[in-house]
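Residue numbers (the numbering used here), protein chains in the order written: chain A, 10 to 364; chain B, 10 to 364. Here a beta-carbon is modelled for each residue, glycine too, at the ideal position from N, C-alpha and C. Note that the structure is a prediction, hence the values are computed from the model and not measured. Below is one structure, written out as structure tokens; the observations come after it.
2 protein chains.
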Amino acid sequence: MIPLNQKLSPTVFRDRRNRLADLLEKKKLDGYFFSSPADLYYLTGFQSEGFYGLATGRGMWLFVSALLAGQVRESAPGCRLVMGKRLSLSVETLMKKFRFRRVGFDPDQLIYRLGDVLKKKGLVPSPNVLEELRIVKGVEELALLRRACRITAQTVADLIPRVRLGQTERELAWRVADQFHQRGAVGIGFDLIAAVGSNTALPHHIPGEARLAKGSPVLFDVGCRVGAYRSDLTRSFYYGKIPSIYRRVHAIVAAAQKAGMDQVKPGSTGGRVDGATRGVIHRAGYGKQFVHSTGHGVGIDIHEPPWMRPKNPGVLAPGMVLTVEPGIYLPGRFGVRIEDTLLVTADGHERLTVE
Amino acid sequence: MIPLNQKLSPTVFRDRRNRLADLLEKKKLDGYFFSSPADLYYLTGFQSEGFYGLATGRGMWLFVSALLAGQVRESAPGCRLVMGKRLSLSVETLMKKFRFRRVGFDPDQLIYRLGDVLKKKGLVPSPNVLEELRIVKGVEELALLRRACRITAQTVADLIPRVRLGQTERELAWRVADQFHQRGAVGIGFDLIAAVGSNTALPHHIPGEARLAKGSPVLFDVGCRVGAYRSDLTRSFYYGKIPSIYRRVHAIVAAAQKAGMDQVKPGSTGGRVDGATRGVIHRAGYGKQFVHSTGHGVGIDIHEPPWMRPKNPGVLAPGMVLTVEPGIYLPGRFGVRIEDTLLVTADGHERLTVE
């Protein structure tokens with residue numbers, strides 16, 4: 010398979026920085042300090058540890074070590090580089106020189122030591138301004154997300170009928186990763202979950218040496234990465250003659266997922282999607298066995314806004330990409346989770362995790 | 010290949026918690042709050058986002074969501090679980106109930122928001138007490154590190170003679186990952202680097218669609234994970250007839266690495282190891298082209314103490330595991346880096362990255 014060009018156009022990053030500058034003005038901020046690799050990738054096309062950025066109406070400054078300077082310069086030609094100086098002093102100098110007064114940082118991303126120093130330099134913890142830009146995906150982002158979701162759906166559909174007695178979880182996870190590569194993904198989107206037997210009842214199970222036995226529940230929760238964008242899909246099934254309890258629980262989760270997906274449309278909210286799945290499971294008597302939230306946004310991060318959580322008032326809009334993934338877990342016995350990644354469209358949603 | 014049992018004995022985690030309790034007493038701390046997944050794994054055998062711990066002389070409390078409770082309970086039977094309550098309030102309650110006064114947190118690990126709240130509850134940013142325990146590896150840890158290093162060395166030795174014209178960096182990286190799996194590793198130890206052509210001059214290159222051409226430098230910087238423990242190895246070579254400049258630079262880096270490794274022994278320091286490699290490269294006239302530090306510790310984290318950095322006074326002791334990895338980078342042309350992972354022994358060091 011010929012690999013897709015997985016890079017976004019350089020103009021995409023410049024446009025994002027321009028839109029951010031407009032947003033800062035609207036929010037009456039002189040600037041915003043970024044530390045998360047995903048935010049910095051979104052704005053510059055480059056990501057690494059030890060890489061920071063200050064976005065302002067006067068352009069963007071990037072703080073990097075000499076080690077990374079060449080790569081950053083190539084990736085973000087419109088930005089100014091500050092190299093090899095103490096970060097907090099560099100920020101302070103810029104604050105004074107350009108008389109920046111209101112500059113924010115994200116208290117949920119920055120480490121305490123740096124936040125504490127920057128606060129003393131006059132910066133303020135405040136909501137991440139990039140969230141409202143990142144939450145709605147653009148045309149090029151959607152092409153990558155669509156591709157990542159399709160590769161994932163094709164891989165799982167191909168593997169399920171070929172699962173064999175005696176295979177270990179680690180081997181099953183590896184086969185998923187191998188198909189991701191063969192189908193053109195850059196790599197895995199997160200630590201893949203393959204679980205057999207009672208391990209399916211552990212929502213965050215790490216694949217180990219447990220082997221598929223005759224008559225066993227199986228769960229795949231997997232996703233790949235295409236460019237910087239990820240996908241997320243879960244399928245649960247039974248290997249062997251299906252016990253009636255498994256069949257019943259699987260049907261409840263499937264109905265809950267459908268009810269949740271029906272609420273994925275413009276004007277709906279994360280809380281409404283969560284309420285719809287939770288209601289079905291609660292009414293079936295398994296409310297206490299659904300121990301997590303219904304879903305999350307997917308993009309550069311595998312978990313990002315919007316959040317499908319109880320009472321979340323966040324309104325869904327076209328271009329958002331999110332998961333709906335209810336589950337029922339019976340400890341020591343089995344768990345069932347069903348998850349798809351959806352795109353909110355003008356009049357509802359489109360399921361992206363299709364073959 | 011039969012996979013090694015990659016789990017540490019349950020008693021290892023209990024012993025670590027006991028040693029930490031002794032250390033807290035020695036340092037006159039009532040407790041220490043942990044937020045980094047690696048620290049929490051070290052103490053409990055479990056790791057996840059959204060999982061926190063408070064270690065005290067009266068035992069360890071773990072703060073988890075209901076989602077993770079089952080797995081945590083199984084993994085860390087000696088700890089007390091606090092579920093579904095607001096973290097800062099739970100910590101405050103414990104502080105009051107047991108009259109804890111001096112409780113620290115790591116300002117380089119905790120996010121600003123949580124650090125700010127905990128500071129208001131009386132906790133203080135202070136050096137991570139676990140560092141001096143984690144920096145010296147125990148017998149079981151060394152078995153996993155040794156295995157990870159050997160798998161990595163075998164994989165690269167096997168692949169180098171089989172590199173072929175036209176292979177992409179992405180494909181080369183994938184072949185490394187595939188061999189890691191075949192040889193029994195859990196997975197990759199970090200984002201693998203495979204670089205060809207002038208991309209070898211970018212120390213943090215991300216493998217892309219560049220293809221191996223006739224007459225090209227090649228660089229692999231790769232490592233795997235066995236259990237929770239990692240390995241790190243870099244090899245640089247030339248595919249085709251070697252130009253004299255490449256041969257010369259490669260010889261300088263090799264001599265620098267040898268000089269650095271000669272300083273890896275008990276009583277030496279990170280600064281001395283760095284100085285030895287840097288001296289060789291500086292005297293050869295390439296000082297400005299060696300744009301990073303000489304090395305780092307390796308364990309649960311791929312980068313952890315001890316640090317081989319200019320002037321670092323940290324003294325090396327038996328049981329520490331670290332890398333020596335000098336490099337010379339000529340932008341637009343090529344780069345050479347050579348790296349091994351070493352164990353400090355009673356009378357010098359042992360190279361772990363051997364076939």
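Limits of the alpha helix (DSSP H) - the one that B/R67 falls within
No alpha helix (DSSP H) contains B/R67, which DSSP labels as neither H nor E.
Return the chain-ordered ranges of every beta strand (DSSP E) run that is complete within the stretch 61-137 of chain B and spans a minimum of 3 residues.
61-65, 68-73, 89-92 and 112-114
So which of B/W70, B/S277 and B/A260 has the shortest CA-CA distance to B/G336?
B/A260
Measuring straight from C-alpha to C-alpha, what distance separates A/G249 and A/L221?
The straight-line gap from Cα to Cα measures roughly 10 Å.
Which of the three DSSP states, helix, strand or coil, is assigned to B/G54?
coil
With DSSP run on the structure shown, which of helix, strand or coil describes A/H190?
helix
With a Cβ-Cβ cutoff of 8 Å, do A/G217 and A/R179 count as a contact?
yes
Proximity to A/V363 [Cα-Cα], best of A/G124, A/R156 and A/M104:
A/R156
Below 8 Å, how does it come out for the stretch 49-66 of chain A and the stretch 75-85 of chain A: are there three or more Cβ pairs, yes or no?
yes
Residue range of the unbroken beta strand (DSSP E) whose run includes A/V235
Its beta strand (DSSP E) spans residues C233 to V235.
Chain B contacts from the stretch 149-161 of chain A (Cβ-Cβ distance under 7 Å):
Against chain B - using a Cβ distance shorter than 7 Å - the stretch 149-161 of chain A contributes no residues.
What residues in the stretch 112-123 of chain A bring their beta carbon closer than 9 Å to a beta carbon of chain B?
F114, D115, P116, D117, Q118, L119, I120, Y121, R122 and L123
Which listed residue (B/A75, B/T303, B/S44 and B/F60) has its alpha carbon closest to that of A/V300:
B/A75
Option in B/D356, B/T332 and B/G344 with minimal Cα separation from B/A326:
B/D356
What separation, rounded to the nearest whole angstrom, lies between the Cα atoms of A/P319 and B/L63?
Going by the C-alpha atoms only, they are around 29 Å apart.
List the residues of chain B whose Cβ lies closer than 8 Å to the Cβ of A/P134, in chain order.
Ordered by position in chain B, the residues that pass the 8 Å Cβ test against A/P134 are Y121, R122 and D125.
For A/V300, which residues in chain B fall below 7 Å Cβ to Cβ?
A75 and L76
Under a three-way DSSP split, which group does A/S240 fall into?
coil
Could you pull out every residue in the same chain whose Cβ sits closer than 8 Å to the Cβ of B/A263, ignoring the five residues on either side in sequence?
A distance below 8 Å between beta-carbons, with the five flanking residues on each side excluded, links B/A263 to the following residues of its chain, in chain order: I347.
Pull out every residue of the stretch 204-219 of chain A whose Cβ sits closer than 7 Å to any Cβ of chain B, in chain order.
L211, P212, H213 and E218
Between A/V353 and A/G328, how many whole angstroms is the CB-CB distance? I'm expecting something under 8 Å.
With 8 Å as the limit, A/V353 and A/G328 qualify as a contact, their Cβ atoms being about 7 Å apart.
Buried/exposed call for A/T20, threshold 16 Cβ in 10 Å
exposed
Hey, out of B/Y51, B/K267 and B/Q15, whose CA is closest to B/E140's CA?
B/Y51
Determine, for A/Q176, whether the minimum Cβ-Cβ distance to residues of chain B falls below 8 Å.
no
A/E359 (DSSP reduced to helix, strand or coil)
Of the three classes helix, strand and coil, the one that applies to A/E359 here is strand, per DSSP.
Is any beta-carbon of chain A found at less than 8 Å from that of B/H291?
no
Locate the alpha helix (DSSP H) running through A/E348, then write down its first and last residues.
First-last for A/E348: undefined, no H or E at that position.
Count the other C-beta atoms from every protein chain shown that fall within 10 angstroms of the C-beta of B/V165, then say buried if there are 16 or more, exposed otherwise.
So B/V165 ends up on the buried side.
By DSSP's criteria, B/A204 is part of a beta bridge. Which residues make up the other side?
Paired residue(s): B/L228.
Partners in chain A for B/W183, counting only beta-carbon separations shorter than 7 Å
H190
Assuming contact is defined by CB atoms lying nearer than 8 Å, are B/P340 and B/A210 in contact in what I supplied?
yes
Residue range of the unbroken alpha helix (DSSP H) whose run includes B/P314
B/P314 -> not in any alpha helix (DSSP H); beta strand (DSSP E) instead, spanning E313 to M317.
Go ahead and pull the three-state DSSP assignment for A/H301.
coil
Find the nearest neighbour of A/V231 within the set A/P134, A/T350 and A/K129, judged by alpha-carbon distance.
A/T350
Under the assumption that B/L103 contacts B/W70 (Cβ atoms under 8 Å), give the Cβ distance between them as a whole number of angstroms.
Right, their Cβ atoms sit about 6 Å apart.
Same chain, Cβ closer than 8 Å to A/M10, neighbours up to 5 away in sequence not counted:
Reliability of the predicted coordinates at A/M10 is poor, the pLDDT of 40 falling under 50, and no value is obtained from them.
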